[in-house]
Amino acid sequence: MNDHDNERLAQHVRVDLSEGRVDRLWGGVSARLGGTRRSRGWVWATFALGVSAAAVVAVVRVRGAHEGETHVASAWEGAQLETAADALSVTLVDGSSLKVEPRSRVEVGDRTPSALKLVLARGRIACDVTHREGRSFVVAAGGVEVRVVGTRFSVANEEAEAGRRVEVRVERGVVEVRGAGPGAEVERVEAGHSWSQVTKTEALAAPEPETEPEAEAEPVAPAAPAGKPHAHAARPAAADARELFEQARGQWRAGRIEEAARTYQALLASHPRDPRAGLAAFELGRLRMDRLNDLTGAVQALEQAVALAPGAELREDALARLVSASAAAHDRARCTRARTRYLTDYPSGVHHRTVSAAPCD
Amino acid sequence: MALISLPTRSGAGPTDAALVVAARAGESWAQEALFRRHARMALGLAHRLLPQDNEVDDLVQDCFVSALKRLASLDNPQAFAAWLGSIVVRAVGKRLRRRRLLSRLGLRVPEEIDADAIAAPSVPGDVAVELRRVYAVVAALPAQARVALILRRVDGLDVPEIARRMGLSQSTVKRRLKTAEEQLERSR
């Protein structure tokens, strides 16, 4: 068959090229492009409130704003975010996002260009914090302080029978937690682990048996003395690995990218030895790199994928991606190491050209 | 659908190069114009490589987002279409490799292509036969051999162009085509 015949073949393949389909596709593309055009920087003046349609009953009160003030950032000093029956999502211009769960109250404490402190008076807040060199991000709850570099975590400050229970869950990265009370030590809590402490409402020191969490709260590890913090691995997932994997893929297809990433993360935390773990780590790395603009998280996931990859093809892809992600994150040492590994292990690999040209140096 | 105002100098509209330059400068109308000009090409190509696949829309969107974000790396702005085509081809290759892995892990049912449903209803008989013959074997081929075979047999590209689209050397493409053609021959 000559080329002329071949061209005829392509023309006779059945494809829907309707205007409606093209319009629909452009809608998706433009939405994703729009999300990348935000200017970046830790500027509260351009604080964006992303409130879902279901969350319109959220109450946002701002104290201390001066009328006519041009530097809007100051309006957020001492601000309170208080939710009623629905959650409130807040997106910062550097890509960090906060989700204030229903019946929660968060106050903006200290705020400078290099530091932000949120005080969780009650309820639960989930934070996905973009790493910024030299900036500190702290969430305080019931005397407990959670200090963040760049990660995804949640803090709950909820009523318990013996007082208030503060729980920190880390999905990605590492946080440092300083417990309440004098002499409290700082503990590092890593991805896939949580930390909790029950504090008396009036006094912090008196140890008592920890109560069961509220019905809607997540289960915790076996009881520990009240007032004494304890870290533990994330609870076993209710869903099995296959279910989580399919759930994540479904969320991805539906465009719920952050949910998909969280589900992959949950799979990795609860089923690290499952045959799907390597692929889950790889997909998580792709999502963070391509869709969530989280290069640090992507590098972490891809490192995991390379370690867990059950098949040579996936490992090769993961290693090549790791080179790109490290280069984009300006992590020269890691980029160079990954590049050397790739070129050594896959001298004729499909990504050879791209990896060789990666700007590690 | 958003209305776009194109700075036309003739009935043909601006060149791809002009659109790329404008899109690089952040002009959203130029991004949309590039998309609308080339969406059908990308969709058609993706469909031929992944027939009857419900992830084609997702893949084409990914490719356009990637291309429009990386316009700065396009050396020859007038070559946008070929560049986009190579992005689609490589994205399909990655997807096929991942699917084979999933199949090996028992996480995905092996792909089945209904070769009879590939051809449009009005297709001439000899073309339908040839399409059926090609698509009857591609599901069993390794990813690169499959992509190379479809680009050669269905899209009618020559070896140097296939090599450019796939990011491979011509000798590698020839080897992949040889594998695929042998399989095709055995199916006769």
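In the order they appear, the protein sequences are chains A and B.
Be aware that the first sequence starts at 0, since it is given in numbering that gives the first Met the number 0, and climbs by one per residue.
Be aware that the second sequence starts at 0, since it is given in numbering that gives the first Met the number 0, and climbs by one per residue.
Glycine included, C-beta positions come from ideal geometry on N, C-alpha and C.
Within the same chain, show all residues whose beta-carbon is closer than 6 Å to that of Q77 of chain B, passing over the 5 residues directly before and after it, in chain order. D15, A16
If the cut is a Cβ gap below 8 Å, which residues of chain A does I112 of chain B touch? Those do not exist, as I112 of chain B stays about 12 Å from chain A at its closest Cβ, beyond 8 Å.
So, with DSSP's three-state summary, where would you put R13 of chain A? coil
For a quick check, are the C-beta atoms of L73 of chain B and A22 of chain B less than 8 Å apart? no
Start and end residues, beta strand (DSSP E) containing V143 of chain A: 143–147
Confirm, please, whether the CB-CB distance from R123 of chain A to S153 of chain A is below 8 Å. yes
Within a Cβ cutoff of 6 Å, which residues of the same chain sit near L342 of chain A, ignoring the five residues on either side of it in sequence? none
Which residues in chain B have a C-beta closer than 7 Å to the C-beta of R272 of chain A? List them in chain order. Under the 7 Å cutoff, chain B gives no residues; its nearest Cβ is about 14 Å from R272 of chain A.
What residues match up with R123 of chain A in a beta bridge as DSSP calls it? A:A155
Please name the residue in B:C62, B:D113, B:G92 whose C-alpha comes closest to that of R13 of chain A. B:D113
Is E170 of chain A closer than 8 Å to A155 of chain A when the C-beta atoms are compared? no
On a CA-only basis, which of A:E157, A:V128, A:L119, A:A125 is nearest E144 of chain A? Give me that one, please. A:L119
Comparing alpha-carbon positions, which option in A:D330, A:S355, A:W194, A:D289 lies nearest L32 of chain A? A:D289
Run of the alpha helix (DSSP H) containing S27 of chain B, from where it starts to where it stops: 27–48
Counted within 10 angstroms of its Cβ, other Cβ atoms place T35 of chain A as buried (16 or more) or exposed: Summary for T35 of chain A: the model assigns pLDDT 38, below 50, so the residue's position carries little reliability, and this model does not support an answer.
H351 of chain A (DSSP reduced to helix, strand or coil): helix
If the cut is a Cβ gap below 8 Å, which residues of chain B does R31 of chain A touch? Q60, V64
Using a Cβ-Cβ cut-off of less than 8 Å, list which residues of the stretch 28–46 of chain B approach chain A; keep chain order. Q30, E31, F34, R35, A38, R39, L42, G43, H46
Residues of its chain near R340 of chain A, where Cβ-Cβ distance is below 7 Å and the 5 sequence neighbours each way are ignored: L318
Span separating the alpha-carbon of D15 of chain A from that of V122 of chain B: 15 Å
Assuming A32 of chain B and L18 of chain B form a contact by the criterion Cβ under 8 Å, report the distance between their Cβ atoms to the nearest whole angstrom. 5 Å
For the stretch 5–28 of chain A, list every residue whose C-beta sits within 7 Å of some C-beta in chain B, in sequence order. N5, E6, R7, L8, A9, H11, V12, R13, V14, L16, V21, D22, L24, W25, G27, V28
For F244 of chain A, which beta-bridge partners are listed by DSSP? Per DSSP, none; premise fails for F244 of chain A.
Neighbour flag for E160 of chain B against chain A, beta carbons, 8 Å: no
Under the three-state reduction of DSSP, which class applies to Q51 of chain B: helix, strand or coil? coil
Does the CB of I117 of chain B have a neighbour CB from chain A at under 8 Å? yes
Where the alpha helix (DSSP H) containing A297 of chain A begins and where it ends: 294–307
Proximal chain B residues relative to L291 of chain A, where beta-carbon distance stays under 8 Å: Residues of chain B passing the Cβ test: none, with the nearest at roughly 13 Å.
Going by beta carbon distance, what residues of the same chain come within less than 7 Å of V138 of chain A, once the five residues before and after it are set aside? L117, L119, I124, C126, V145, V154
Can you name the start and end residues of the beta strand (DSSP E) that R187 of chain A belongs to? 185–189
Does the count of Cβ pairs from the stretch 297–309 of chain A and the stretch 274–286 of chain A closer than 8 Å reach three? yes
Determine, for D316 of chain A, whether the minimum Cβ-Cβ distance to residues of chain B falls below 8 Å. yes
Take V133 of chain B as the anchor and find which of B:E160, B:R47, B:A41 has the nearest alpha-carbon. B:R47
G141 of chain A classed as buried or exposed, judged by whether at least 16 other C-beta atoms fall within 10 angstroms: buried
Does any C-beta atom of chain B lie closer than 8 Å to the C-beta of L313 of chain A? yes
L49 of chain B at chain A interface by Cβ criterion, 8 Å: no
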